[in-house]
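With positions in the sequence shown counted from 1, the corresponding number in the numbering used here is that position plus 129.
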Amino acid sequence: MTIRLPDARGALRSYEPRTDPLDLTPGGPFTSRTVLAAAHVVADPYADVTPDAPAAVDWDATLAFRRHLWSHGLGVAEAMDTAQRGMGLDWAGAAELIRRSAAEARAVGGRIACGVGTDQLAAGSVAEVRAAYEEQLALVEESGAQAVVMASRALAAAARGPEDYAEVYGHLLRQAARPVILHWLGPMFDPALDGYWGSADLDTATDTFLEIVAAHPDKVDGVKISLLDAGREVALRRRLPHGVRCYTGDDFNYPELIAGDERGFSHALLGIFDPLGPPAARAVRVLDTGDVKAFRELLDPTVELSRHLFRAPTRFYKTGVVLLAWLAGHQSHFAMVGGLQSARSLPHLARAYELADGLGLFPDPRLAEDRMKNLLALYGVTQ
Numbered sequence: 130m131t132i133r134l135p136d137a138r139g140a141l142r143s144y145e146p147r148t149d150p151l152d153l154t155p156g157g158p159f160t161s162r163t164v165l166a167a168a169h170v171v172a173d174p175y176a177d178v179t180p181d182a183p184a185a186v187d188w189d190a191t192l193a194f195r196r197h198l199w200s201h202g203l204g205v206a207e208a209m210d211t212a213q214r215g216m217g218l219d220w221a222g223a224a225e226l227i228r229r230s231a232a233e234a235r236a237v238g239g240r241i242a243c244g245v246g247t248d249q250l251a252a253g254s255v256a257e258v259r260a261a262y263e264e265q266l267a268l269v270e271e272s273g274a275q276a277v278v279m280a281s282r283a284l285a286a287a288a289r290g291p292e293d294y295a296e297v298y299g300h301l302l303r304q305a306a307r308p309v310i311l312h313w314l315g316p317m318f319d320p321a322l323d324g325y326w327g328s329a330d331l332d333t334a335t336d337t338f339l340e341i342v343a344a345h346p347d348k349v350d351g352v353k354i355s356l357l358d359a360g361r362e363v364a365l366r367r368r369l370p371h372g373v374r375c376y377t378g379d380d381f382n383y384p385e386l387i388a389g390d391e392r393g394f395s396h397a398l399l400g401i402f403d404p405l406g407p408p409a410a411r412a413v414r415v416l417d418t419g420d421v422k423a424f425r426e427l428l429d430p431t432v433e434l435s436r437h438l439f440r441a442p443t444r445f446y447k448t449g450v451v452l453l454a455w456l457a458g459h460q461s462h463f464a465m466v467g468g469l470q471s472a473r474s475l476p477h478l479a480r481a482y483e484l485a486d487g488l489g490l491f492p493d494p495r496l497a498e499d500r501m502k503n504l505l506a507l508y509g510v511t512q
């Protein structure tokens, strides 16, 4: 079993895939950390759509993947950026995804939290942004899911300063039926969110963010930080009001942040736990026993793959996530909402395959190899 893979310079080299996948059995929820995997959607490859048309979703495969994550004890963060919201999946599609996934979660007893945004607006006033948030919050709460209040492109464009963020978020938190997760997504994930919380200076923005949390601690279950800066996350985590959790969204430094230190730790809401679900679950179960060293030994080797998938331009990490789902047999094709299967180069995809294979992520290594060879052949690579 060998496969010829292109490197970053376009040269071909031989790689020998492993033949022994990890032995990862499903299990129940965790006791020491709350862990949510932001799950991707599976496109319908037979739908006659264009990249700018409403998304066509394969609902059976999409819900089956969520059952896979739940079976390993992970919660699902639904309708987040991993599901291509704002990059192919519109609000109507996201609303249907939330309804279906929340119903599935109730049926199987899985934990679910769903994204609340303003993507039914291309642009609008602060009042219109607030109304859009309200509409989405109502749908998520009606579904029975926990709300994850996401950063809003429309609010970033409309807000005149920190006071507008305080007004909009304060209004939402006062009416929330149960505590929510506030999500700070950095501009590396979405350039339209530059200057969120009213300032491009991250120290100033952090102060505003924490003031909003401190004003409503009973309505904030936790905050999710996606700035890819471990030191900044730890500093913010230590300033949170008592009882408010920090959920790491740092796909570069998650092992150390989840492990924590003598002054605390982060829970997790991560896109990388879509492809890493089973081994991540095994590592967290080890952490549940108090063995931090063994937890790090299991999870640290996965960081190279995560950093590769999330390298700049970070917002296209979704392409690698779906590639690995296809190679692992969770879906029958490598088509994506919005046509984003073309958003990464062949050498990037080849390296993702190699790193994932080295970690033993593919339940059937031969299937993964055959599918990767088929993809390479489409690009003209002969074996």
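Backbone N, C-alpha and C define an ideal beta-carbon position, used for all residues, glycine too.
Owing to the predicted nature of the structure, the values given are computational and were not obtained by experimental measurement.
Residue of Arg303, Thr431 and Ile341 minimising C-alpha distance to Trp313
On the sequence shown, position 184 is the one that residue 313 refers to. Answer by Cα proximity: Ile341.
Is it buried or exposed, Tyr508, if we count other Cβ atoms within 10 angstroms and call 16 or more buried?
Working through the sequence shown from its first residue, we reach residue 508 at position 379. So Tyr508 counts as exposed.
Distance, Pro183 Cα to Ala321 Cα:
Walking along the sequence shown from the start, residue 321 turns up at place 192. Walking along the sequence shown from the start, residue 183 turns up at place 54. Each residue's Cα considered, the two are about 21 Å apart.
Rounded C-alpha distance that separates Thr511 from Arg235
Counting from one through the sequence shown, the residue named residue 511 turns up at place 382. Counting from one through the sequence shown, the residue named residue 235 turns up at place 106. Near 47 Å, if we compare the C-alpha coordinates of Arg235 and Thr511.
Using a 10 Å radius around the Cβ and a threshold of 16 neighbouring Cβ atoms, would you call Pro442 buried or exposed?
Against the sequence shown, residue 442 aligns to sequence position 313. Exposed.
Suppose the cutoff is 8 Å on Cβ atoms and the five residues either side in sequence are ignored; what does the same chain contact list for Pro430 look like?
For the purposes of this step, residue 430 is taken as residue 301 along the sequence shown, with counting starting at 1. Result list for Pro430: Leu488, in chain order.
Nearest-angstrom Cα separation, counted from Thr247 out to Lys348
The residue labelled residue 348 in the question sits at position 219 within the sequence shown. The residue labelled residue 247 in the question sits at position 118 within the sequence shown. About 20 Å.
By DSSP, does Asp350 sit in helix, in strand, or in coil?
Against the sequence shown, residue 350 aligns to sequence position 221. In this structure, Asp350 counts as strand in the three-state DSSP scheme.
What residue does the alpha helix (DSSP H) around Met250 start on, and which one ends it?
The residue given as residue 250 occupies position 121 in the sequence shown. The question names Met, but residue 250 is Leu in the sequence shown. From DSSP, Leu250 is part of no alpha helix (DSSP H); its letter is neither H nor E.
CA nearest to the CA of Thr418, picked from Asp181, Gly202, Phe159 and Gln470
Indexing the sequence shown from 1 puts residue 418 at position 289. Nearest of Asp181, Gly202, Phe159 and Gln470 to Thr418, Cα basis: Phe159.
Please state the DSSP three-state secondary structure of Ser471.
Indexing the sequence shown from 1 puts residue 471 at position 342. Ser471: helix per DSSP, three-state reduction.
Quick one: what's got a C-beta closer than 7 Å to Ser143's C-beta in the same chain, skipping five residues either side?
For the purposes of this step, residue 143 is identified with residue 14 of the sequence shown, where counting begins at 1. So the qualifying residues of the chain are Thr131 and Arg133.
Asp336 CB to nearest heavy atom of the ligand ATP below 7 Å
As far as ligands go, the structure on display features none, and thus does not contain the ligand ATP.
With 16 as the cutoff for other CB atoms within 10 Å, does Thr337 come out buried or exposed?
Sequence index remark: in the sequence shown, residue 337 carries index 208 (1-based). That one is buried.
For the beta strand (DSSP E) that Ser129 lies in, which residues bound it at each end?
Summary: the structure shown does not reach residue 129, with the chain confined to residues 130 through 512, and so no result is reported for it.
Tell me the DSSP bridge mates of Thr377?
For the purposes of this step, residue 377 is taken as the residue at position 248 of the sequence shown. In DSSP, Thr377 forms a bridge with Ile354 and Ala397.
Could you name the residues of the same chain whose beta carbon sits closer than 7 Å to that of Gly468, not counting the 5 residues immediately before and after it, in chain order?
Sequence index remark: in the sequence shown, residue 468 carries index 339 (1-based). Here the set comprises Pro180.
Going by C-alpha to C-alpha distance, which of Leu434, Arg440, Gly324 and Asp330 sits closest to Ala481?
On the sequence shown, residue 481 is found 352 positions in, with the first residue counted as 1. If we check each option's Cα against that of Ala481, Leu434 comes out closest.
Can the beta-carbon of Ile354 be found less than 8 Å from the beta-carbon of Gly393?
Stepping through the sequence shown from its first residue, residue 354 is reached at position 225. Stepping through the sequence shown from its first residue, residue 393 is reached at position 264. It is not a contact, given that the beta carbons lie outside the stated cut-off.
Helix, strand or coil at Gln304 according to DSSP, with G and I counted as helix
Indexing the sequence shown from 1 puts residue 304 at position 175. Three-state DSSP puts Gln304 in a helix.
Around the C-beta of Asp332, are 16 or more other C-beta atoms found within 10 angstroms, so that it is buried, or is it exposed?
The residue given as residue 332 occupies position 203 in the sequence shown. Its Cβ having fewer than 16 others within 10 Å, Asp332 is exposed.
Compute the distance between the beta-carbons of Gln275 and Ala242, then report whether it is under 8 Å.
As a working note, residue 275 is residue 146 in the sequence shown. As a working note, residue 242 is residue 113 in the sequence shown. Yes; because the gap between Cβ atoms is below 8 Å, this pair is in contact.
Let me make sure I understand the geometry here. Which of Leu357, Leu302, Leu165 and Asn503 has the alpha-carbon closest to that of Trp455?
The residue you call residue 455 lines up with position 326 of the sequence shown. Selected option, being the one with the closest Cα: Asn503.
Near Arg374, what residues of its chain come up, given a Cβ to Cβ distance below 6 Å and the 5 sequence neighbours on each side ignored?
Numbered from 1 along the sequence shown, position 245 holds the residue referred to as residue 374. Result list for Arg374: Gly351 and His396, in chain order.
Ala280: buried (16+ other C-beta within 10 angstroms of its C-beta) or exposed?
Taking the first residue of the sequence shown as 1, we reach residue 280 at position 151. Classification for Ala280: buried.
Looking only at its own chain, which residues have a Cβ that is under 7 Å from the Cβ of Arg259, when we skip the five neighbours before and after it?
Working through the sequence shown from its first residue, we reach residue 259 at position 130. Correct list, in chain order: Val297 and His300.
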